[in-house]
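Asker:
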Amino acid sequence: MVKFIESELVSLKKEVNEMWTLVYNQLDRAGEAVLTFNRDQAQQVIVREKRVNAFELKIDSDVEDTIALYNPVAIDLRFVLAMFKINSDLERLGDFAEGIARFVVRSEETVLDSELLHSLRIEEMLKQVLGMLEMTKNALNEENLELALNVFSKDNLLDEINAAAPAVLTKYLETHPDNFLTCLELGTVIRKLERAGDHITNIAEEIVFFIDAKVLKHRDKVDGHFLGKEKTHLNAVLVYTFATFVYIMRPIKSILNNNLPKKTEKSKNMLYGIVFYLAGLKKGSIFASLS
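Here it is, written out as structure tokens:
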């Protein structure tokens, strides 16, 4: 069983890395399309978005199969859950790349004001996003906790540029009122890049969870008494308990419904109670395995 689950985890990691590379290229090409206003390149990004969606569906399916068939625990379970959430964040990054590319395709402009692009610091923002994405990928492959933690401070630059953008656009519109729609679209491009940074920090959080079993999500935004001092990931408990319960209940429910006469309804209810009790014991063991 150990060999089988190891091969499944290696295969899952390989798929996530392939999706990671695709999403990186999508963001890079979308950003380059904005800077050069290359409609052909932007159209290619839009077409390739279908590949990103296909990767997401495949990885989702593989995660479900791994949990159902191999019952991973401890660090293996944390890895699988981290891949599940990273997969979702990568798909959102792909959506942002597509949205940026669509601005270039539908715009009536032939070229963008280079001074405006420089003032908005879009190129600097794009490089920061790509650098953060590459850093998180290396952190996962090297299982480097320090590298993952360093990603969070990188997001500050994106927040700074995003906060300064409205003033820059407003000032530009005072002398170029006819470019209102273009400025509005550029504002959405900057917002998408800023949101991309937020999703990359989410990925870094999942890497920290996988490596060190620490939950950084919503830190400073939840009741500390609820979390306690245990290194317990609530989503892991819920997913694992649900999978366990389903696999216990499915055959028993079928047997009870099809083979027992109605007069044994009391016995059937008693058996249901036993199943719930066993599921509760299994749930308790999960807390211990994750700590």
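Every position in the sequence shown, counted from 1, becomes a number in our numbering once 7 is added. The C-beta atom is built at its ideal place from N, Cα and C for all residues, glycine as well.
Is it buried or exposed, residue 189, if we count other Cβ atoms within 10 angstroms and call 16 or more buried?
Answerer: The residue you call residue 189 lines up with position 182 of the sequence shown. By the 10 Å Cβ count, residue 189 comes out buried.
Asker: Determine the DSSP secondary structure at residue 44, reduced to helix, strand or coil.
Answerer: Position 37 of the sequence shown, counting from 1, holds the residue named residue 44. DSSP places residue 44 in coil when its eight states are reduced to three.
Asker: Give the straight-line distance between the Cα atoms of residue 110 and residue 117, rounded to the nearest whole angstrom.
Answerer: Within the sequence shown, residue 110 is the residue found at index 103, counting from 1. Within the sequence shown, residue 117 is the residue found at index 110, counting from 1. Computed Cα separation, rounded: 12 Å.
Asker: In three-state terms, what does DSSP make of residue 136?
Answerer: Stepping through the sequence shown from its first residue, residue 136 is reached at position 129. In this structure, residue 136 counts as helix in the three-state DSSP scheme.
Asker: Please determine, among 126, 147, 104, 169, the residue with the shortest C-alpha to C-alpha distance to residue 33.
Answerer: For the purposes of this step, residue 33 is identified with residue 26 of the sequence shown, where counting begins at 1. Cα-wise, what sits closest to residue 33 is 104.
Asker: Going by DSSP in three states, residue 128 sits in which element: helix, strand or coil?
Answerer: Working through the sequence shown from its first residue, we reach residue 128 at position 121. Correct three-state label for residue 128: coil.
Asker: Among 172, 223, 204, which residue has its Cα nearest to the Cα of residue 138?
Answerer: Translated into positions along the sequence shown, residue 138 becomes position 131. Checking every option, the nearest Cα to that of residue 138 belongs to 204.
Asker: Among 70, 162, 187, which residue has its Cα nearest to the Cα of residue 380?
Answerer: Nothing can be reported for residue 380, as the shown portion of the chain is limited to 8 through 298.
Asker: Return the chain-ordered ranges of every alpha helix (DSSP H) run that is complete within the stretch 25-81 and spans a minimum of 4 residues.
Answerer: Here the runs fully enclosed are 46-77.
Asker: CB-CB under 6 Å to residue 215, same chain, minus the five flanking residues each way: which ones, in chain order?
Answerer: The residue you call residue 215 lines up with position 208 of the sequence shown. 155, 221, 223.
Asker: Give the single residue among 31, 217, 88 whose Cα lies nearest to the Cα of residue 72.
Answerer: For the purposes of this step, residue 72 is taken as the residue at position 65 of the sequence shown. Comparing Cα positions, the closest option is 88.
Asker: So, do the stretch 11-29 and the stretch 52-72 have three or more beta carbon pairs nearer to each other than 8 Å?
Answerer: Yes, the stretch 11-29 touches the stretch 52-72.
Asker: Specify the secondary structure class of residue 16 as computed by DSSP and reduced to three states.
Answerer: Position 9 of the sequence shown, counting from 1, holds the residue named residue 16. Helix.
Asker: Kindly give me the distance between the Cβ atoms of residue 129 and residue 197, rounded to whole angstroms, as I take these residues to be in contact under 8 Å.
Answerer: The residue given as residue 129 occupies position 122 in the sequence shown. The residue given as residue 197 occupies position 190 in the sequence shown. Sure, about 7 Å apart at Cβ, within 8 Å.
Asker: Can you grab the Cα-Cα spacing for the pair residue 95 / residue 161, in whole Å?
Answerer: In the sequence shown, counting from the first residue as 1, residue 95 sits at position 88. In the sequence shown, counting from the first residue as 1, residue 161 sits at position 154. Going from the Cα of residue 95 to the Cα of residue 161 covers about 21 Å.
Asker: Using C-beta distances below 7 Å, list every residue in its chain close to residue 50, excluding the 5 sequence neighbours before and after it, in chain order.
Answerer: Numbered from its first residue, the sequence shown carries residue 50 at position 43. Around residue 50: 112.
Asker: So, are the CB atoms of residue 91 and residue 67 less than 9 Å apart?
Answerer: Here residue 91 refers to the residue found at position 84 when the sequence shown is read from its first residue. Here residue 67 refers to the residue found at position 60 when the sequence shown is read from its first residue. Contact: yes.
Asker: Buried or exposed: which applies to residue 13, given that a residue is buried once 16 or more other Cβ atoms fall within 10 Å of its Cβ?
Answerer: Taking the first residue of the sequence shown as position 1, residue 13 is located at position 6. Looking at its Cβ environment, which holds fewer than 16 other Cβ atoms inside 10 Å, residue 13 is exposed.
Asker: Please state if the CB of residue 97 and the CB of residue 62 are separated by a distance shorter than 9 Å.
Answerer: Along the sequence shown, one-based indexing puts residue 62 at 55. Along the sequence shown, one-based indexing puts residue 97 at 90. For residue 62 and residue 97, yes; Cβs fall inside 9 Å.
Asker: Rounded to whole angstroms, what is the Cα-Cα separation between residue 171 and residue 201?
Answerer: Along the sequence shown, one-based indexing puts residue 171 at 164. Along the sequence shown, one-based indexing puts residue 201 at 194. When rounded, the distance between both Cα atoms is 12 Å.
Asker: Any chance you could list the beta strand (DSSP E) runs of at least 3 consecutive residues sitting entirely within the stretch 176-235, in chain order?
Answerer: Those beta strand (DSSP E) runs which fall completely within the stretch 176-235 and span 3+ residues do not exist here.
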